[in-house]
Amino acid sequence: MFRLMVGAALSGIITMPFFNSSGFHRTHSERGIDTNNAFFQDLGTNGRTCFSCHRPAEAWTVTPIELRDRFERTAGLDPIFRNNDGSNCEGADVSTLRKRRGAFSLLLQKGLIRVGLDVPANAEFEIVDVDDPYRCGAPFTSASMYRRPLPSANLEFLSTVMWDGRETVPGQAIELDLMTQVRDATTGHAQGAPPSDALVREIVDFERGLFTAQTFDWWTGSLRDDGAHGGPRRLSRQPFCIGVNDPLGMLPSMPGACATRSTGLDPNVFTLFGSWEDSWSAGRRAIAHGEKIFNTRQFVIDNVPGLNGGAGDPVSGPIQTGTCTVCHDTPNAGNHSVSMSLNIGITDASRRTPDLPLYTLQNRTTGAAVQTTDPGRAMVTGKWSDIGKFKGPILRALAARAPYFHNGSAATLADAIDFYDTRFHVGLTRREKADLLAFLEAL
Ligand code: HEC
Ligand code: HEC
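Count along the sequence shown from 1, add 16, and you get the number used in the numbering used here.
Below is the structure:
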């Protein structure tokens, strides 16, 4: 019955465009979108499906606007509102509507799911304190981190699975990482028994076929007119290999890696809207100009752990001719083409908002202490140098899935641009910010 309802609700609308604040986006799949796929089926014991947290209307993630609507329509009983990882605290009291409203506040306000991980055995650090606004009372041997679901689409461009790369095994094909991800999502999010290999394969084949992107802009119209290359169909034909266009020529040995090492960065990562540079339409010129800013506007990239901010990092000293594309280097997808976690400062204590916990981590050898809202990759590797590191995500269909960054700290794309302008002292003018925004909204 449940399956029928989902099928009926989706099969009609799935090929239709989904509206968002700057236009609409679509999903394209050569294999068609079969709503009877196990992706849409109840997999565990708590009523959840992959579709609970990954929806085409929200570019295959979820947004607070829709979640608040879902909460009101179901009195907070839709399966996404479960207290294993949907609530701020594990096992929160969700017995009344009022209690549910409080227990799921981060999910309702910022679309954040709780990722609970234990401090790895033999970690170089220990958690010595936590300022927890929710007073969950969890032991210091674990941490709750609140993160945005990543889109389960455009996966053909991935070099790293999950914000902290915890499903990525070095040297292994991304496809196998995705299979592990399905198993962990089924036993974790859905609290189910381990799924069969056939089921895992069915879901991975399905999600790998999904391409999603903005296709129409309210102001400029179709993003494919007059020689422009927006939209998901074009994206589905974009070639990719791990390491493509990497500025440092990094090339891991793994299935899906490029045949040859990149000889440096071609900063022109996005080549979608160049034909609009001299368009009669001011809106189109703005998007084309924004693309150019993203590709080529130079600023100094300094003190980024993982890149040039710590001992053992591949680059020593500031990168004077930095661009957005130094880190967002995958052609027309915008993620990092190799697995390389970076700390750009999103989790710094100085940026902490009162709704997030603040952890104090102490180095077991040196005694040094650092405060962070999310230890990031360090909770996977146990390494002190990995604190606050995350992957550079794919930058398509952005307009459909605010808020941004792993913790939803940028409510809008304009806020994300302001973050970079401040963090890297880019010095963007108002006009440049507006054009960059128009471009990001058109992705
Ligand atoms: C309760 C919500 C929830 C459910 C249910 C859920 N996910 Fe996710 N998914 C997330 C969150 C949150 C993340 C990011 C977590 C992180 O990186 O730490 C994520 C990440 C992913 C990613 C990684 C994408 C990337 O760019 O690395 C894929 C793929 C994915 N989910 C697919 C699935 C599939 C398939 C299912 C069903 C078997 C599923 N998810 C069920 C919340 C959910
Ligand atoms: C030093 C590397 C680096 C540079 C330079 C950089 N980014 Fe990022 N970007 C990242 C990383 C890493 C993340 C993920 C951070 C997180 O969520 O913790 C990210 C995330 C984003 C996101 C959020 C995507 C999402 O799904 O939430 C946007 C938008 C973005 N970057 C745009 C830009 C723009 C525009 C520029 C140039 C002004 C830029 N980036 C420059 C590394 C970089």
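The C-beta atom is built at its ideal place from N, Cα and C for all residues, glycine as well. Everything numeric in this text was worked out from a predicted model, so none of it was measured.
CB contact flag (residue i, residue j, <8 Å)
i, j, result
"THR341", "PRO283", "yes"
"ASP242", "SER295", "yes"
"ARG253", "LEU171", "no"
"ASN423", "ARG163", "yes"
"ASN359", "VAL320", "yes"
"PHE227", "SER45", "yes"
"PRO33", "THR231", "yes"
"ALA214", "ALA75", "no"
"ALA349", "GLY272", "no"
"LEU11", "ALA229", "In the structure displayed, the chain extends from 17 to 459; residue 11 sits before or after that span and is not available."
"ILE49", "SER68", "no"
"ARG84", "LEU124", "yes"
"ASN311", "GLN207", "no"
"THR346", "PHE406", "no"
"ILE335", "ILE309", "no"
Distance between residue j and residue i (C-alpha atoms, nearest Å)
i, j, result
"GLY443", "ASP437", "6 Å"
"ALA304", "GLU293", "5 Å"
"THR389", "THR363", "5 Å"
"GLU183", "VAL198", "10 Å"
"ASP402", "MET395", "8 Å"
"VAL185", "ASP193", "7 Å"
"PRO165", "SER121", "16 Å"
"VAL144", "HIS70", "35 Å"
"PHE435", "SER212", "43 Å"
"LYS449", "PHE440", "14 Å"
"ASN100", "ALA154", "13 Å"
"ARG42", "GLY204", "29 Å"
"LEU93", "GLY322", "41 Å"
"ALA244", "ALA91", "44 Å"
"GLY16", "LYS399", "Summary: the structure shown does not reach residue 16, with the chain confined to residues 17 through 459, and so no result is reported for it."
"VAL22", "GLY333", "Its pLDDT being 42, under 50, VAL22 is placed unreliably in this model, and the value from its coordinates should be taken loosely. Going from the Cα of VAL22 to the Cα of GLY333 covers about 53 Å."
"ALA298", "ARG412", "23 Å"
"TRP179", "SER111", "32 Å"
"ARG98", "ARG117", "12 Å"
"THR369", "GLY259", "35 Å"
"GLU82", "ARG300", "30 Å"
"ASN36", "PHE289", "20 Å"
"GLU218", "MET195", "10 Å"
"LEU128", "PRO167", "13 Å"
"VAL146", "PRO373", "7 Å"
"PHE421", "ARG313", "21 Å"
Cβ-heavy atom distance, residue i to ligand 3, below 7 Å
i, result
"HIS205", "Among the ligands modelled here, namely ligand 1 and ligand 2, ligand 3 does not occur."
Ligand 2 heavy atom lying under 7 Å from the CB of residue i
i, result
"PHE289", "no"
"LYS399", "no"
"LEU171", "no"
"TYR420", "yes"
"ALA432", "yes"
"PHE286", "no"
"PHE227", "no"
"HIS344", "yes"
"GLY326", "no"
"VAL320", "yes"
"GLY132", "no"
Distance cut-off 7 Å: residue i Cβ against heavy atoms of ligand 1
i, result
"GLY102", "yes"
"GLN314", "no"
"LEU192", "no"
"HIS441", "no"
"ILE219", "yes"
"ASP180", "yes"
"CYS66", "yes"
"ALA201", "yes"
"LEU429", "no"
"LEU414", "no"
"HIS70", "yes"
"GLN57", "no"
"SER355", "no"
Rounded Cβ spacing between residue i and residue j (contact assumed at less than 8 Å)
i, j, result
"THR79", "ALA418", "6 Å"
"SER357", "GLY392", "7 Å"
"TRP234", "GLY39", "5 Å"
"VAL220", "GLU191", "7 Å"
"GLY328", "ALA454", "About 39 Å separates the two Cβ atoms, so there is no contact after all."
"ALA119", "ASN138", "Contact doesn't hold; Cβ gap of about 34 Å is too wide."
Within-8 Å CB hit, residue i to chain B
i, result
"PHE455", "Protein chains in the displayed structure number just one, and chain B is not present."
Subject >> the region 53–70 in contact with the region 413–430 per 3-pair CB rule at 8 Å >> reply: no
**OP:** Please confirm if the region 117–133 is in contact with the region 151–161, defined as three or more CB-CB distances below 8 Å between the two stretches.
**Re:** yes
Original post:
Counting pairs of beta carbons, one from the region 271–285 and one from the region 357–377, are three or more of them closer than 8 Å?
Top reply: Result no; under three Cβ-Cβ pairs closer than 8 Å.
**OP:** Check whether the region 136–156 touches the region 172–179, taking contact to mean three or more Cβ pairs, one atom from each stretch, closer than 8 Å.
**Re:** no
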